[in-house]
DNA sequence: CGGCGTTTTGAGAGAGCTCAACATCGGTGG
DNA sequence: CCACCGATGTTGAGCTCTCTCAAAACGCCG
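Chains as they are written, first to last, in my numbering: chain A, 1 to 198; chain B, 1 to 198.
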């Protein structure tokens, strides 16, 4: 959210939610959009019988319910899955800022466009069924400029989640690639070997 | 693209691409963004050894490379996978239009925000591994107001593709749900039965 | 009728998931 | 300093589920 002007951040407020606490409910008039600072929020719809269907589950640092800007009512529930902190941006204030400051509007567009890009890439990734191919795909796309070094941020478990694999599957696949000499590993980096690209 | 003013559409041009023909290449200066009218485009990156990695594959009717609006260079190749028709919107013209017409900018934001919403929902759906649960999830979310009727648009094969399943898996799963009395089917509609929601 | 695409069902194999045990490492407190 | 603990990392075995390949029924249209 580094693209936001100070003024907008100052005009926002932070709210803390306990587990299962609602940020908004279906049918509520849209009052704002959110940034998840800490914790996790879900968008949930309820069936007539009260069963929950999760539409979306947020990550820390992401925008939440930004599409609500262009609606009058929320059309699902926003619920905290864990203890969560959200920054609340007032809808009218956001729009006013956009009109005042076209550059801000462009920044927001850029953020959304980037999101779309990332999400589409992720979806493409998930369409690869084989753990091996999915991992290779990920490695190649997240390699640095040299095209061979992939920095490991966070734990392998986290990576497994990001890739939509169980951690066991990831460990095994990675070990196999290593044994076959397709990659080399250190604690912080994966080095892609030429063979991998053939 | 119904939110675009006539003037923008008139200012655009349509281009036809043959299979494997490039719309743009990595490093090219961004000249515009696109709407896929017919056919399919892919965003592709090449490894140092020349292997292709697909980042994204477009659907008909969708925007393509809209994130490029906020970059100076394309950072992957845009290639036609089939015989493809694209509408080309000049980058500068788009920006000029946004500045001239804040409402247009807002419309564009709304389109992007909606995209993000849809993509996130799809990603959530794909995170459900079981064909059965994925199908049920889809049914419940795409039910009409009554919460029980799901219209079937297109063939079941198409639905299978949308859900990321083979058509065989879809047929079988659907048949099973039907046999268990969880849904009823006609040619055009799936009726969700109360049992399904328990 | 004949051909094409969708729908359906069958059998088999492979891949990833689940459950389980164990190693490793870093931190914490006695 | 060591014992303990929790989380990550690792490997094993079995199972389930979906994919793949195959074949056939069905419906539609020329």
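Heads up, the beta-carbon is just placed ideally off N, CA and C, and yes, glycines get one too.
Taking 8 Å as the threshold, the shortest C-beta distance from residue 19 of chain B to chain A does not fall below it. Counting only residues of its own chain and dropping the five nearest sequence neighbours on each side, residue 121 of chain B has a CB closer than 8 Å to the CB of 141.
The C-beta of residue 175 of chain B has fewer than 16 other C-beta atoms within 10 Å across all chains shown, which makes the residue exposed. Closer than 8 Å to the CB of residue 12 of chain B there is not a single CB belonging to chain A. In the structure shown, residue 72 of chain B falls within a coil segment according to DSSP collapsed to helix, strand and coil. Residue 107 of chain B and residue 66 of chain B have their C-alpha atoms some 14 Å from each other.
For the set B/187, B/146 and B/167, the Cα lying nearest the Cα of residue 193 of chain B is the one of B/146. Looking at the DSSP output, residue 185 of chain A bridges to A/190. A Cβ of chain A is located within less than 8 Å of the beta carbon of residue 56 of chain B. If you draw a 10 Å sphere on the C-beta of residue 18 of chain B, you find fewer than 16 other C-beta atoms in it, and that means exposed.
Within the stretch 128–176 of chain A, the runs of beta strand (DSSP E) at least 3 residues long that lie entirely inside it are, in chain order, 149–151. Nearest Cα to residue 177 of chain B within the set B/165, B/190 and B/167: B/190. Residue 86 of chain A sits close to residue 41 of chain A, with the two beta carbons spaced by under 8 Å. Our two residues, residue 31 of chain B and residue 89 of chain B, have alpha carbons roughly 8 Å apart in a direct line. DSSP places residue 85 of chain B inside the beta strand (DSSP E), whose first and last residues are 84–90. DSSP places residue 25 of chain A in no alpha helix (DSSP H); its state is neither H nor E. The Cβ atoms of residue 25 of chain A and residue 74 of chain A lie closer than 8 Å to each other. Residue 59 of chain A sits in coil when the DSSP states are folded into three classes, being neither helix nor strand. Counting C-beta atoms within 10 angstroms of its own C-beta, residue 61 of chain B has fewer than 16 neighbours from the protein chains shown and is therefore classed as exposed. Residue-level contact check: residue 179 of chain B does not touch chain A, since none of the beta carbons of chain A fall below 8 Å from its beta carbon.
Under DSSP, residue 33 of chain B takes part in a beta bridge, and its partners are B/89. In chain order, 123 make up the part of chain B whose C-beta sits under 7 Å from the C-beta of residue 122 of chain A.
The beta carbon of residue 28 of chain B lies closer than 8 Å to those of 73 and 74 in the same chain, with the five residues before and after it left out. Shown here, residue 65 of chain B sits in coil according to DSSP, grouped into three states, outside any helix or strand. The alpha-carbon of residue 132 of chain A is positioned some 37 Å away from that of residue 198 of chain B. Residue 38 of chain B has B/85 as its beta-bridge partners, per DSSP.
For residue 167 of chain B, no CB of chain A lies under 8 Å from its own CB, so it is not counted at the interface with that chain. Rounded to the nearest angstrom, the gap between the Cα atoms of residue 185 of chain A and residue 154 of chain A is 15 Å. Judged by their CB atoms, residue 23 of chain A and residue 68 of chain A are not nearer to each other than the 8 Å cut-off. In chain order, 126 and 127 make up the part of chain B whose C-beta sits under 8 Å from the C-beta of residue 164 of chain A. The beta carbons of residue 102 of chain A and residue 99 of chain B sit about 6 Å from each other, so the pair counts as a contact at 8 Å. Taken in chain order, the members of the stretch 147–160 of chain A whose beta-carbon sits within less than 7 Å of a beta-carbon on chain B are 147. Residue-level contact by beta carbon holds for residue 67 of chain A and chain B, with a gap shorter than 8 Å.
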